[in-house]
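There are 2 protein chains.
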Amino acid sequence: MTEKPAGAAEGVDSVLAALADPTRRRLLDLLAAQGEVTATTLAGSLPVTRQAVVKHLGVLDAAGLVSGTRVGREVRYSVQPAALGATARWMATLAADWDRRLATVKRIAEAAERESRPPETPR
Amino acid sequence: MTEKPAGAAEGVDSVLAALADPTRRRLLDLLAAQGEVTATTLAGSLPVTRQAVVKHLGVLDAAGLVSGTRVGREVRYSVQPAALGATARWMATLAADWDRRLATVKRIAEAAERESRPPETPR
DNA sequence: CCCAGGAGCAACCTGGGAGTTGCACTCCGG
DNA sequence: CCGGAGTGCAACTCCCAGGTTGCTCCTGGG
């Protein structure tokens, strides 16, 4: 199931897409700093409308980065570290993989080079 | 030089923006798999034009994720793990920070709740 | 010296995301 | 029961990133 060779995580792309927008990152920052806040409150700290904030929160929620809880007539949003952590791990794995491949390619290249220059006598 | 303490990385946003596009991720995948390839070759493995590939490679290069080397009349591109690793670490740190804040908020909330219900006698 | 395959440039088109406005609905307090 | 605060939904505008086409400019090989 979780053994997709390359490009595992399903949610990774939504997380990346969500994180790509600066406003959404600001939003996450505020959310992380203030704990549980309503969209209206957040809009007060940003140069955008409440509606825009709501939309962004929707995207972030779809990516699993935040979650909202209804309290009376308001909705308190809070940050959700799990999704971010998963993406971070995915990324780290990818980086390590690249490193591995690069090392391999480099070794092969060196070997090939050594192989292809018998006539040359560097000292 | 590249040592901003926390919240740091200037390049993080460009990396995230670069990674947000699926085509660019495919591109990185191919690049990681094949080592050193030209834009034209890459375009052959993708449903887009060579020009589109070139543009994407430009973005990826600006984000420090790839680098191109001129060899004769062609340009070989290769993947650059450093930037990705840095972003991965930044992300992991951020996730940990959120976790910390959440734990704190939770503790405070619990304390406050305990504080606010002296009249109730759950016996 | 010529030509062919590859890279670079510039103008152009287009879909979707970010943002706004306007209104209907819901919930709490007096 | 009524009014106001707060949220939810929908239509609309604007802008830009992704993609294309059509060239020109190198460069290397015969």
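Protein chains in written order, with full-length UniProt numbering: chain D, 1 to 123; chain C, 1 to 123.
Heads up, the beta-carbon is just placed ideally off N, CA and C, and yes, glycines get one too.
Bear in mind that the values here come from a model prediction, so they are computed numbers and not experimental data.
- Just so you know, the alpha carbons of Thr49 (chain C) and Ser14 (chain C) end up roughly 23 Å apart.
- Boundaries of the beta strand (DSSP E) around Val79 (chain D): 74-79.
- Listed along chain D are Pro81, Leu84, Gly85, Ala88, each with a C-beta nearer than 7 Å to that of Ala95 (chain C).
- Per DSSP, reduced to three states, the secondary structure at Val71 (chain D) is strand.
- If you draw a straight line from the Cα of Ala88 (chain C) to the Cα of Ala96 (chain C), it is about 12 Å long.
- Under DSSP, Thr38 (chain C) forms a beta bridge with C:Arg76.
- Thr93 (chain D) and Thr23 (chain C) have their C-alpha atoms some 20 Å from each other.
- Less than 7 Å separates the beta-carbon of His56 (chain C) from that of Leu27 (chain C).
- Assignment of Val48 (chain D) by DSSP, reduced to helix, strand and coil, places it in the coil class.
- Taking 7 Å as the cut-off, the Cβ atoms of Val54 (chain C) and Ala39 (chain C) count as close.
- Not a single CB atom of chain C sits nearer than 7 Å to the CB of Ala63 (chain D).
- The beta-carbon separation of Ala63 (chain D) and Ala32 (chain D), rounded to 15 Å, does not stay under the 8 Å limit for a contact.
- Non-local beta-carbon contacts of Ser67 (chain D) in its own chain, meaning distances under 8 Å to residues more than five positions away in sequence, involve Asp61, Tyr77, Ser78, Gln80 in chain order.
- Taking CB atoms only, Leu27 (chain D) has no neighbour in chain C less than 7 Å away.
- Close partners of Val105 (chain D) in chain C (Cβ separation under 7 Å): Gly35.
- Excluding its 5 nearest sequence neighbours in each direction, Arg25 (chain C) has C-beta neighbours in its own chain below 8 Å: Leu19, listed in chain order.
- Where Gly11 (chain D) is concerned, the enclosing alpha helix (DSSP H) starts and stops at 11-20.
- By the Cβ neighbour-count rule, Ala103 (chain C) is exposed, with fewer than 16 other Cβ atoms within 10 Å of its own.
- In this structure, Val12 (chain C) sits away from Gly35 (chain D), with a CB-CB distance that is not shorter than 7 Å.
- Using beta-carbon distances, Arg70 (chain C) does not count as an interface residue toward chain D, since no partner is under 7 Å.
- For Asp21 (chain C) and Val37 (chain D), the gap between their C-alpha atoms comes out near 30 Å.
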